[in-house]
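Peer 1: Protein chains in written order, with my numbering: chain V, 1 to 329; chain L, 1 to 329.
Protein chains: 2
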Amino acid sequence: MAQIKDVAKQAGVSVASVSRVMAGHAGVSEATRQRVLDAVQALDYRPDLAARRLRSRRTDTIGLIVSDIRNPFFTEISRAVEDVAYQHRMRVILCNADEDPEKEALYLDLMRDENVSGVILSPTLPTLVRFRSSDYPFPVVLVDRCDRDTAADAVVLDNVDSAYRLTAHLIERGYRRIAFIYGVTSATGRQRHEGYVTAMATHGLETLAKGVPATVEAARAAASELARSRPLPDALAASNGLILLGLTEALREAKLRFPQPIALAGFDDLPWTRLVEPGITVIAQPTYDLGQAAIDLLLQRIAHPAQSVRRVVMRGELIERGSSAKRGG
Amino acid sequence: MAQIKDVAKQAGVSVASVSRVMAGHAGVSEATRQRVLDAVQALDYRPDLAARRLRSRRTDTIGLIVSDIRNPFFTEISRAVEDVAYQHRMRVILCNADEDPEKEALYLDLMRDENVSGVILSPTLPTLVRFRSSDYPFPVVLVDRCDRDTAADAVVLDNVDSAYRLTAHLIERGYRRIAFIYGVTSATGRQRHEGYVTAMATHGLETLAKGVPATVEAARAAASELARSRPLPDALAASNGLILLGLTEALREAKLRFPQPIALAGFDDLPWTRLVEPGITVIAQPTYDLGQAAIDLLLQRIAHPAQSVRRVVMRGELIERGSSAKRGG
DNA sequence: ATAATATTTGTAATCGTTTACAATTTATTT
DNA sequence: AAATAAATTGTAAACGATTACAAATATTAT
Numbered sequence: 001m002a003q004i005k006d007v008a009k010q011a012g013v014s015v016a017s018v019s020r021v022m023a024g025h026a027g028v029s030e031a032t033r034q035r036v037l038d039a040v041q042a043l044d045y046r047p048d049l050a051a052r053r054l055r056s057r058r059t060d061t062i063g064l065i066v067s068d069i070r071n072p073f074f075t076e077i078s079r080a081v082e083d084v085a086y087q088h089r090m091r092v093i094l095c096n097a098d099e100d101p102e103k104e105a106l107y108l109d110l111m112r113d114e115n116v117s118g119v120i121l122s123p124t125l126p127t128l129v130r131f132r133s134s135d136y137p138f139p140v141v142l143v144d145r146c147d148r149d150t151a152a153d154a155v156v157l158d159n160v161d162s163a164y165r166l167t168a169h170l171i172e173r174g175y176r177r178i179a180f181i182y183g184v185t186s187a188t189g190r191q192r193h194e195g196y197v198t199a200m201a202t203h204g205l206e207t208l209a210k211g212v213p214a215t216v217e218a219a220r221a222a223a224s225e226l227a228r229s230r231p232l233p234d235a236l237a238a239s240n241g242l243i244l245l246g247l248t249e250a251l252r253e254a255k256l257r258f259p260q261p262i263a264l265a266g267f268d269d270l271p272w273t274r275l276v277e278p279g280i281t282v283i284a285q286p287t288y289d290l291g292q293a294a295i296d297l298l299l300q301r302i303a304h305p306a307q308s309v310r311r312v313v314m315r316g317e318l319i320e321r322g323s324s325a326k327r328g329g
Numbered sequence: 001m002a003q004i005k006d007v008a009k010q011a012g013v014s015v016a017s018v019s020r021v022m023a024g025h026a027g028v029s030e031a032t033r034q035r036v037l038d039a040v041q042a043l044d045y046r047p048d049l050a051a052r053r054l055r056s057r058r059t060d061t062i063g064l065i066v067s068d069i070r071n072p073f074f075t076e077i078s079r080a081v082e083d084v085a086y087q088h089r090m091r092v093i094l095c096n097a098d099e100d101p102e103k104e105a106l107y108l109d110l111m112r113d114e115n116v117s118g119v120i121l122s123p124t125l126p127t128l129v130r131f132r133s134s135d136y137p138f139p140v141v142l143v144d145r146c147d148r149d150t151a152a153d154a155v156v157l158d159n160v161d162s163a164y165r166l167t168a169h170l171i172e173r174g175y176r177r178i179a180f181i182y183g184v185t186s187a188t189g190r191q192r193h194e195g196y197v198t199a200m201a202t203h204g205l206e207t208l209a210k211g212v213p214a215t216v217e218a219a220r221a222a223a224s225e226l227a228r229s230r231p232l233p234d235a236l237a238a239s240n241g242l243i244l245l246g247l248t249e250a251l252r253e254a255k256l257r258f259p260q261p262i263a264l265a266g267f268d269d270l271p272w273t274r275l276v277e278p279g280i281t282v283i284a285q286p287t288y289d290l291g292q293a294a295i296d297l298l299l300q301r302i303a304h305p306a307q308s309v310r311r312v313v314m315r316g317e318l319i320e321r322g323s324s325a326k327r328g329g
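1) Under 9 angstroms between the Cβ atoms of Leu-242 of chain L and Thr-215 of chain L?
2) Ignore the nearest five residues each way along the sequence and tell me which others in Thr-167 of chain L's own chain have a CB closer than 6 angstroms to its CB.
3) List the whole-angstrom C-beta distance separating Ser-133 of chain L from Ala-151 of chain L, where the pair is believed to meet the contact cut-off of C-beta under 8 angstroms.
4) Just confirm the distance between the C-beta atoms of Ser-323 of chain V and Thr-281 of chain V, as a whole number of angstroms; I'd bet it's less than 8 angstroms.
5) Buried or exposed: where does Gly-12 of chain L fall if 16 or more other Cβ atoms within 10 Å of its Cβ makes it buried?
6) State yes or no: is the C-beta of Val-201 of chain L within less than 9 angstroms of the C-beta of Leu-236 of chain L?
7) Under three-state DSSP, which class holds Val-129 of chain L?
8) Does DSSP put Lys-326 of chain L in a helix, a strand or coil?
9) Please classify Thr-316 of chain V as buried or exposed, where buried requires at least 16 other C-beta atoms within 10 Å of its C-beta.
10) Between Thr-75 of chain V and chain L, is there a C-beta pair that is closer than 9 angstroms?
11) Classify Thr-59 of chain L as helix, strand or coil using the three-state DSSP reduction.
12) Report, in whole angstroms, the separation of the C-beta atoms of Val-143 of chain V and Asp-296 of chain V, which I expect to be a contact under 8 angstroms.
13) So if I threshold CB-CB distances at 7 angstroms, which residues from the region 95-106 of chain V count as touching chain L?
14) Tell me Val-312 of chain L's beta-bridge partners as DSSP assigns them.
15) Considering only residues of the same chain and omitting the five flanking positions on each side of Ser-122 of chain V, which have a CB-CB separation below 6 angstroms?
16) To which residues does DSSP link Asn-96 of chain V through a beta bridge?
17) Would you mind giving the Cβ-Cβ distance between Phe-131 of chain V and Ser-117 of chain V, rounded to the nearest angstrom? I have them listed as a contact below 8 angstroms.
18) Gln-331 of chain L to Ser-56 of chain V, Cα distance in whole Å?
19) What first and last residue would you give for the alpha helix (DSSP H) that runs through Phe-267 of chain L?
20) Glu-114 of chain V touches chain L at which residues, Cβ-Cβ below 7 angstroms?
21) Beta-carbon separation of Gln-263 of chain L and Ala-325 of chain L under 9 angstroms?
22) Rounded to whole angstroms, what is the Cα-Cα separation between Arg-58 of chain L and Val-7 of chain V?
23) Output needed for Leu-330 of chain V: all residues of its chain with C-beta closer than 7 angstroms, excluding positions within five of it in sequence on either side, in chain order.
24) Name, please, each residue of chain V whose Cβ falls closer than 9 angstroms to the Cβ of Thr-287 of chain L.
25) Any contact between the region 283-294 of chain V and the region 79-94 of chain V? By contact I mean 3 or more CB pairs, one from each, below 8 angstroms.
26) Which of helix, strand or coil does DSSP assign to Leu-166 of chain V?
27) Along chain V, in chain order, which residues have C-beta atoms closer than 7 angstroms to that of Ile-302 of chain L?
28) Using a Cβ cut-off of 9 angstroms (strictly closer), state whether Asp-268 of chain V contacts chain L.
29) From this set, L:Trp-272, L:Ile-69, L:Tyr-86, L:Glu-114, which residue's C-alpha is nearest Cys-95 of chain V's C-alpha?
30) Hey, does Ile-93 of chain L have any beta-carbon neighbour from chain V nearer than 9 angstroms?
Written out as structure tokens, the structure reads:
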């Protein structure tokens, strides 16, 4: 493998000049620039990244810590982050923390070891409540999950409003006993719960909410229980895609069709929500955009460490389908 | 940040001893080992990875190049690879090549720049036919896609056999005009097509196969066309999950239910195949296991560069659901 | 033409480890 | 107890770039 000194020799210049050309720095004449470029080409020279990273103390790497890449929401986020990162010649280290605060801490430690330029984090609730940017030697952008008063760059959905609109939609369609099954351990679940509660209260209805661990199994169990309760709820709403899947499976098992005797709605416009007859009403999240906004924000922060803290809030879009058709209509 | 020399001073030993202890090398007395460990603890010393990588010429990083992480198949693969990699204190660089040979080449080049320890690759057809291990300065394990005569470590499904079994199942259920829609640009699509053709021929049936780009849209278009053709096929079979989704959407749109007037089956046991009434018959791939086997193989290869070339073939499992219920039964 | 300034170039130190090799200490054999 | 072998330790040279800083050259102003 050719090294920088080989290039320097070939081009008849010093290693400093080669380095400057490679880095695209100013202050090098067009003549030498061309000679260096020719030499680079001739020798097929590629700078050694390890050496560069050691000396320059920059890794051009960012960390992405999510609960599980298999969650389609995070799959899409990760794709967006990687797209933008590679466009900026940065690398991404992806970590699955499995909703486990200890793993989260472990991976954040790893980020320190890797000397990353920045981190995008979707924190568990315990990590979120304790979160202080100053605890980390790198900038952090929160994505998807964030408290009202967390002092950190963040990109999130308008969770409270979206849940409000979803609930109001069900009410408007004539449903009254609306049960809300939500992930109690997550910030988003709680915020969406808040939107649900507000909507129900505004319309003078009693709430019927059930917090569960955010897994398909837990949601299925909760829905099975609700399916056996009397009086039966009119409608079931889920705070995210995983839970919605659990509800759908449970209703199917209990042979309860929707919208009659029970309507169904939830978060996340996954491919199957369109396929399951007669289609499931959902709040669609602009997932790719959320990821893109997160990495954009992080890159900005890396470039300007002192800029003021930013929060990007994106709007969820209600997609009405058959599962919430007008009651008795 | 504490450096190795600080630790050495604190422990009253040389930097070499510290390095040896950190690397877990033999040939250091228990006494100094303990002193070093104490000093490390006291100073919260973490070795600088950039320096270590420069000097040792090892990055403990592996590359994973797939078409698109949003394909649930690759999502699962990537999760498996990351799980095992982190267990071995290795990092993963994930790349989405979007079925584009040029991007693939680009990313393989990037892997060289990163000086990775090895790569797991799911190649496009053009890359596969040209593939020679010796073209790369790192070991490569192919996953999902591999030719009969490619001389490289690989982990794949028994594509031909699985497609044969899926087709035979439809035949056994009484279907005769079975159309096979497959990804013509991929190695797996072609192999599965081969299994389909063999099964049809064995049973003295005429084939009705349609190769398409492996996208939901292309599959939908192909299925719409088939749905308008006369005589109508008895059954539609898809060579992968994306195509199966396209077929399902097209049938839905054409208001054709399954299994009557048209049966449906395909590859990949995605969550929605269970939910769409009356359930879709599929070949389930042991996806996580495939990923795990790939990284296991790669780690072995890294440890023993000269060991003989290995191929791991895993069996697909037929899951019978309502979409292929006995005809007229 | 000279001085002052701006631009371009080169030299050499530096980033923080690992590791070859030599030196030392400890254990074993005679 | 001396000689030999084995185990442990330390010294210093890498690894291959970047980047202060100084030196050289080119440009502009007087």
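Idealized CB from N, CA, C, for every residue including glycine. Quantities reported herein were computed from a predicted structural model and do not represent experimental measurements.
Peer 2: According to the structure shown:
1) In contact: Leu-242 of chain L and Thr-215 of chain L (Cβ atoms closer than 9 angstroms).
2) Within the same chain, Thr-167 of chain L has close Cβ partners Tyr-196, Ala-199.
3) Your pair Ser-133 of chain L and Ala-151 of chain L checks out as a contact, with CB atoms roughly 7 angstroms apart and the cut at 8 angstroms.
4) Confirmed, Cβ separation roughly 5 angstroms.
5) With fewer than 16 other CB atoms across the displayed protein chains lying within 10 angstroms of its CB, Gly-12 of chain L is exposed.
6) Note that residue 201 of chain L corresponds to Ala in the displayed sequence, not to Val. Their beta carbons are not under 9 angstroms apart, which means Ala-201 of chain L does not touch Leu-236 of chain L by this criterion.
7) In this structure, Val-129 of chain L counts as helix in the three-state DSSP scheme.
8) Three-state DSSP puts Lys-326 of chain L in coil, outside helix and strand.
9) The displayed chain sequence assigns Gly, not Thr, to residue 316 of chain V. Of the residues assessed, Gly-316 of chain V falls on the buried side of the cut-off, its CB having 16 or more other CB atoms within 10 angstroms.
10) Flagged as an interface residue toward chain L: Thr-75 of chain V, by a C-beta distance shorter than 9 angstroms.
11) In this structure, Thr-59 of chain L counts as coil in the three-state DSSP scheme.
12) Not a contact, Cβ separation roughly 11 angstroms.
13) So the list reads Asn-96, given in the order they occur along the chain.
14) L:Val-155.
15) The answer, listed in chain order, is Val-66, Val-143, Asp-144, Arg-145.
16) Under DSSP, Asn-96 of chain V takes part in a beta bridge, and its partners are V:Val-66.
17) In this structure, Phe-131 of chain V and Ser-117 of chain V do not form a Cβ contact; the two beta carbons are roughly 19 angstroms apart against a cut-off of 8 angstroms.
18) One cannot answer for residue 331 of chain L here, as it falls past the ends of chain L, which runs 1 to 329.
19) Residue range 263-267 is occupied by the beta strand (DSSP E) that includes Phe-267 of chain L, with no alpha helix (DSSP H) assigned at that position.
20) Chain L residues near Glu-114 of chain V: Leu-49.
21) Per the sequence presented here, residue 263 of chain L reads as Ala, with Gln not at that position. Ala-263 of chain L is a Cβ neighbour of Ala-325 of chain L, given a cutoff of 9 angstroms.
22) Approximately 24 angstroms between the Cα atoms of the pair.
23) An answer regarding residue 330 of chain V cannot be provided, because it is not within the stretch 1 to 329 covered by chain V.
24) Result: empty, since nearest Cβ-Cβ is about 10 angstroms, beyond 9 angstroms.
25) Short answer: they touch.
26) It is helical.
27) In chain order: nothing, as chain V lies at least about 18 angstroms away.
28) For Asp-268 of chain V, the answer is no, since every Cβ of chain L falls outside 9 angstroms of its Cβ.
29) Comparing Cα-Cα distances from Cys-95 of chain V to each of L:Trp-272, L:Ile-69, L:Tyr-86, L:Glu-114, the minimum goes to L:Tyr-86.
30) Under the Cβ distance rule, Ile-93 of chain L counts among the residues neighbouring chain V, one pair being separated by less than 9 angstroms.
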